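Have a look at the structure below, then the notes.
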Amino acid sequence: LKDNRPPTEGGSLGYSLANGKINLSSRAVTNGRFDFVVTKEGKLIIGDKHFALSAGASEVQAAGTLRIYKGKVMEIDNNSGHYKPTVREAENYGTILKRAGVDVSGAKINVLNQQGEKVNTIRLQ
Numbered sequence: 016l017k018d019n020r021p022p023t024e025g026g027s028l029g030y031s032l033a034n035g036k037i038n039l040s041s042r043a044v045t046n047g048r049f050d051f052v053v054t055k056e057g058k059l060i061i062g063d064k065h066f067a068l069s070a071g072a073s074e075v076q077a078a079g080t081l082r083i084y085k086g087k088v089m090e091i092d093n094n095s096g097h098y099k100p101t102v103r104e105a106e107n108y109g110t111i112l113k114r115a116g117v118d119v120s121g122a123k124i125n126v127l128n129q130q131g132e133k134v135n136t137i138r139l140q
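So that you can map any letter, position 27 of the sequence shown is 42 in my numbering, and since no number is skipped, the others follow by simple counting.
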């Protein structure tokens with residue numbers, strides 16, 4: 016994915032992975048929607064504002080939003096106004112997040128087109 020926008024402020028949240036679940040360090044309960052990127056090197060970063068999360072990287076493997084409930088990823092999308100991931104790129108998010116150590120079994124990917132409209136839903140096994 017290529018850098019398509021000017022930088023914005025934001026920041027990352029500390030987290031740990033245990034059995035594929037995401038435990039956010041700064042929160043008592045790991046529930047909610049969070050921006051994420053997976054760097055070119057395969058590192059998952061969670062927080063706010065994709066460009067800030069990537070430390071200004073010109074390319075990332077994935078960028079979007081995760082909905083997490085009790086540490087489990089429930090939904091994934093490719094909603095990133097900065098990197099503007101394509102439908103085709105978003106269809107690979109399950110594999111990319113698995114390689115980063117995240118359990119995405121049972122999660123769904125809401126695939127958005129360039130206008131932000133949902134065009135497909137993929138249920139991960």
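For each residue, glycine too, the CB sits at the ideal point set by N, CA and C.
Given the structure is predicted, the values throughout are model-derived calculations rather than measurements.
Residue ranges of uninterrupted beta strand (DSSP E) with 3 or more members, entirely inside the stretch 52-114 and ordered along the chain, are 59-63, 75-84 and 87-92. Within the DSSP secondary-structure output, L127 pairs in a beta bridge with K133. The Cβ neighbour count for T45, taken over all protein chains shown within 10 Å, is at least 16; the residue is labelled buried. When DSSP states are grouped into helix, strand and coil, N38 belongs to the strand group.
I37 is positioned such that its CB atom lies closer than 8 Å to that of V88. Membership of S31 in the beta strand (DSSP E) is indicated by the continuous run Y30 to A33. The beta carbon of L59 is closer than 6 Å to those of V53 and A115 in its chain, skipping five residues each way along the sequence.
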